[in-house]
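If you want full-length UniProt numbering, it's the 1-based position in the sequence shown plus 1.
Ideal Cβ placement from N, Cα and C applies to all residues, glycine included.
Quick caveat: nothing in here was measured; it's all calculated off a predicted structure.
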Amino acid sequence: TYVVTDNCIKCKYTDCVEVCPVECFYEGPNFLVIHPDECIDCDECVEACPANAIFNEDDLPEDKTHFLALNEELAQIWPQICDQKDPLPDADKWDGVEGKLEHLDK
Ligand code: SF4
Ligand code: F3S
Numbered sequence: 002t003y004v005v006t007d008n009c010i011k012c013k014y015t016d017c018v019e020v021c022p023v024e025c026f027y028e029g030p031n032f033l034v035i036h037p038d039e040c041i042d043c044d045e046c047v048e049a050c051p052a053n054a055i056f057n058e059d060d061l062p063e064d065k066t067h068f069l070a071l072n073e074e075l076a077q078i079w080p081q082i083c084d085q086k087d088p089l090p091d092a093d094k095w096d097g098v099e100g101k102l103e104h105l106d107k
């Protein structure tokens, strides 16, 4: 499966939603997650994300491995998102900021 990681937080560009063939993204207030049982490993979303926030689970950097469980957990709770929308207002300002997990709204 593929995994959305911390750099999506407070950016939420949603270009990933537009390219996903199976609509397996789920949306929270300031972050998106992928449902691990629905992702078909097509790889399209990796290049599409302007924040480079999406990884194949096998390529997850060591400090981001906990995002796999977080995606699984939140995909059960949050609503599905099927259409691209505007990024969050300060997306470009937050792109690349370290330690964004503390800003995650659930
Ligand atoms: Fe969707 Fe493909 Fe990304 Fe999986 S790898 S979330 S199927 S775009
Ligand atoms: Fe987030 Fe990147 Fe999608 S910032 S909403 S994973 S395009």
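Contact test: residue 27 Cβ vs the ligand SF4 heavy atom, cutoff 7 angstroms: no
Assign residue 78 to buried or exposed, taking buried as 16 or more other Cβ atoms, counted over all protein chains shown, within 10 Å of its Cβ. exposed
Same chain, Cβ closer than 8 angstroms to residue 10, neighbours up to 5 away in sequence not counted: 31, 32, 95, 101, 102, 104, 105
Option in 71, 20, 98 with minimal Cα separation from residue 41: 20
Measuring CB to CB, does residue 36 end up less than 8 angstroms from residue 46? No, these two residues do not count as a Cβ contact at 8 angstroms.
Buried or exposed for residue 97, going by 16 or more other Cβ atoms inside 10 Å? exposed
Roughly how many whole angstroms lie between the Cα atoms of residue 60 and residue 5? 12 angstroms
Taking buried to mean at least 16 other C-beta atoms within 10 Å of its own C-beta, is residue 23 buried or exposed? exposed
Which whole-angstrom value is the C-beta distance of residue 69 and residue 58, which I expect to be below 8 angstroms? For a cut-off of 8 angstroms, the C-beta gap from residue 69 to residue 58 is around 6 angstroms, short enough to register as a contact.
Go ahead and pull the three-state DSSP assignment for residue 32. coil
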